[in-house]
Amino acid sequence: MPVILDPEGNEGRYLDKIAGSLAGKRVLEIGCGEGRLSWDLARKADYLVAIDPDADDIAAAQAAIPLELAGKIEFQTTSLEQFSSPYPFDTAVLSWSF
Amino acid sequence: MVDALKQIHRLLRPGGRLVDIHPTDDTHDILVRLGSSEHLAGWLREANDYLDYRQATDALHQAVSLGYFKLTRQREFFYEYCADSVDSLKEYLAENWKGSTVDDRVAASVEELMRSLEPNQMCVLRVPVFIARLKALPLPAAESG
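Quick mapping for you: the protein sequence lines, in order, are chains G and W. Quick note, the first sequence lines up with residues 1 to 98 if you use the working numbering. Quick note, the second sequence lines up with residues 99 to 243 if you use the working numbering.
What follows is the structure in structure tokens.
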């Protein structure tokens, strides 16, 4: 049996409670890894930019983008320090990155 | 870490939100669930003794005290990793959680507990997690000019 992560869905539930509505928001996810939270964020947001310095993780995330989210999500291999954007974000999610 | 929060502040529109999620520096318990009962076997060791998590929380408070953000909501919850054996958990951690260790004594305790005849059993790593929402404030006067 593989390891089951967060079987009760606590993270998503608390993220919903704390973040509030992401509808219509431009969201930045920092430390997205292989996209553990990205799909849920992209479904709720207007547009998601997800960054991580690990190229392998980003490649895995890009390969797994659900069809319905194409055009709503953008992955970039970069550190937060190197990242820049011409447009400001409404919400940033710093997930298990320290 | 405070520099990272300043960078996030620069990337947000004025009044934008930061949601921060990170484990707390409370012990990450390893327990055995037998049916509806739970039995503590020990806790996860980390190379830096949970220092990163403490520093993440401290940095958040520092960014607030410097005037970059206002803390508007915070909660704690448990994030669980559930495995059918301590070996499965150790294997997962070796691949995904650098610097973490399940001590031999804790592993032996898990194995002892899982010798129970209870059919519904699981080895669980329970991580306490802090989640907070912060509002980006106008740049502190000292840095905006």
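Backbone N, C-alpha and C fix where the C-beta goes; we use that ideal spot for every residue, glycine too.
- Contact check for G/PHE89 against W/LEU110 passes: the beta carbons are separated by less than 8 Å.
- The beta-carbon of W/ARG115 is placed less than 8 Å from the nearest beta-carbon of chain G.
- Cβ neighbours of W/THR155 within its own chain (closer than 8 Å, five residues either side excluded): HIS120, THR122, ASP123 and PHE228.
- Here G/SER85 is exposed, its C-beta having fewer than 16 other C-beta atoms within 10 Å.
- The straight-line gap separating the alpha-carbon atoms of G/ASP52 and G/ILE30 is approximately 6 Å.
- Interface criterion met: the Cβ of W/GLN105 is under 8 Å from a Cβ in chain G.
- Bounds of the alpha helix (DSSP H) holding G/ILE58 are 55-63.
- Residues of the same chain with a CB within less than 6 Å of the CB of G/THR78, apart from the 5 flanking positions on each side, are ILE51 in chain order.
- Counting only runs of 3 or more residues that sit fully inside the region 121-169 of chain W, the beta strand (DSSP E) segments are 127-132 and 135-141, in chain order.
- G/TYR47 carries a strand assignment under DSSP once its states are collapsed to helix, strand and coil.
- Residues of the region 69-86 of chain G with a Cβ closer than 7 Å to any Cβ of chain W, in chain order: LEU80, GLU81 and SER85.
- In this structure the region 165-180 of chain W lies against the region 215-230 of chain W, because at least three pairs of beta carbons, one per stretch, are closer than 8 Å.
- Here DSSP, grouped into helix, strand and coil, assigns G/GLU81 to coil.
- The C-beta distance from W/VAL100 to W/GLN160 rounds to 5 Å, short enough to fall under 8 Å.
- Boundaries of the beta strand (DSSP E) around G/GLU29: 26-30.
- For G/VAL3, the secondary structure class from DSSP, reduced to helix, strand or coil, is coil.
- Within 7 Å of the CB of G/TYR14, the CB atoms of chain W belong to ARG173, PHE175 and ILE229, in sequence order along the chain.
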